[in-house]
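Single-structure report; data block below.
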Amino acid sequence: MNWKCILLVTLSLMLLCPLALAEEDAGPTPREQMIEDILAEAKSLYDEANGRSRRAHYSGDIYVCKNFTVHCFKAASPHYRMAEFADVELVIPDNLPREECGKDYVYGMEWKDIPAAEGNPFYAAASFRYNPDLSKKENQQLAREFMMECKRGDYFQMAANYYYGVGAHSMMISGDYNSETDTILWTDSNMKGGKKDGIRYGYVQYDAEKDIDWFVDAFCRKKYGATIYRLRDDIIVKPN
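All the letters of the sequence shown, read from the start, carry residue numbers -13 to 226 under my numbering.
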């Protein structure tokens, strides 16, 4: 290689290195940072509980499963907006009311359909509804494929019959589906718990881990199902 080639290679590397460093220093996107803020609030509540149960009995208790996920969202959301609707405050939908679930499916597997223009920054990234026209094995395969869609920061809503209870449960995914271990990580409150003097108390979990078949067994049942909700890509920092 002659000196001209060496010079060209050197100059090319000098030009490329600042670009690579700039990409490394770019930091998280607003969407990524919002997810981290939401999960940081969940981790804070988990650390604060320090293994002790928290009251999850009354409608206003933040340790009720849905209230926990909403609280974590609200702790972060004032600092963010959607680029398409930058002047609209972000909101998180309530569960679809029982009377609107119809006769074919039970309550607890989906949220109210609030449009983005009214502040909802989530969309249904994937959903599973037990199909009575398919075999149980076929439904289980679809349910497994559905669970493989889970990503860090997703909100997960299911109607299930699981080891710790029966009914609606809300949680947040804290790690992408791991194809090597066939597991996911999540954070929630009141999946585990019990009653004392007639009052329900629940435990906060962070980075809890289960094989996806545990979830499949829980919600892959007639009239049951689940939905994965994901933040839109156009999350921005709230304009001043």
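All residues carry an ideal CB built from backbone N, CA and C; glycine is no exception.
Check                                                                                                                                                 : Outcome
Taking Thr169 as part of the beta strand (DSSP E), name the residues at either end of that continuous run.                                            : 169 to 182
Under a Cβ-count criterion, where at least 16 other Cβ atoms within 10 Å of its own Cβ denotes burial, should Ala103 be classed as buried or exposed? : exposed
Considering Cα atoms alone, identify which of Trp200, Phe114, Ala204, Trp172 is closest to Asn147.                                                    : Ala204
Is the beta carbon of Leu82 closer than 8 Å to that of Lys98?                                                                                         : yes
Quick check: what's the CA-CA separation for Met158 versus Gly105?                                                                                    : 20 Å
Ends of the alpha helix (DSSP H) at Phe201?                                                                                                           : 198 to 205
Mind listing, in chain order, the continuous alpha helix (DSSP H) runs of no fewer than 4 residues lying wholly within the stretch 29 to 70?          : 51 to 62
Which same chain residues end up closer than 8 Å to Val74 when comparing Cβ atoms and leaving out the 5 residues on each side of it in sequence?      : Arg67, Met68, Ala103, Glu104, Gly105
Buried or exposed for Asp174, going by 16 or more other Cβ atoms inside 10 Å?                                                                         : buried
By alpha-carbon positions, which one of Tyr192, Asp183, Asp119, Pro101 ends up nearest to Cys51?                                                      : Tyr192
Once you ignore the five residues that flank Ala212 on each side, which residues in its own chain have a CB closer than 6 Å to its CB?                : Met95, Phe114, Met144, Phe205
What are the start and end residues of the beta strand (DSSP E) that includes Ala212?                                                                 : 211 to 217
According to DSSP, simplified to helix, strand and coil, what is Ile21?                                                                               : helix
Can you grab the Cα-Cα spacing for the pair Lys224 / Lys89, in whole Å?                                                                               : 41 Å
Just the Cα atoms here: how many angstroms apart are Pro118 and Val202?                                                                               : 16 Å
Can you say whether Ala8 is buried or exposed, counting buried as having 16 or more other CB atoms within 10 angstroms of its CB?                     : At Ala8, the pLDDT of 47 sits below 50, so the modelled position is not reliable; the number obtained from the coordinates is stated separately. Burial call: exposed.
Name the residue from Phe108, Gly13, Arg40 whose alpha carbon lies nearest to the alpha carbon of Asp219.                                             : Phe108
From what residue to what residue does the beta strand (DSSP E) around Ala154 run?                                                                    : 151 to 164
Pull up the distance between the alpha-carbon of Ile214 and that of Phe132, whole angstroms please.                                                   : 9 Å
Could you check whether Trp172 and Ala194 sit closer than 8 Å to each other, using their CB atoms as the reference points?                            : yes
Between the C-alpha atoms of Arg207 and Glu34, what's the straight-line distance to the nearest angstrom?                                             : 36 Å
What number of angstroms, rounded off, separates the C-alpha of Arg216 from the C-alpha of Leu31?                                                     : 22 Å
Buried or exposed for Tyr210, please, with buried defined as at least 16 other CB atoms from any protein chain shown within 10 angstroms of its CB.   : buried
What separation, rounded to the nearest whole angstrom, lies between the Cα atoms of Trp200 and Asp168?                                               : 11 Å
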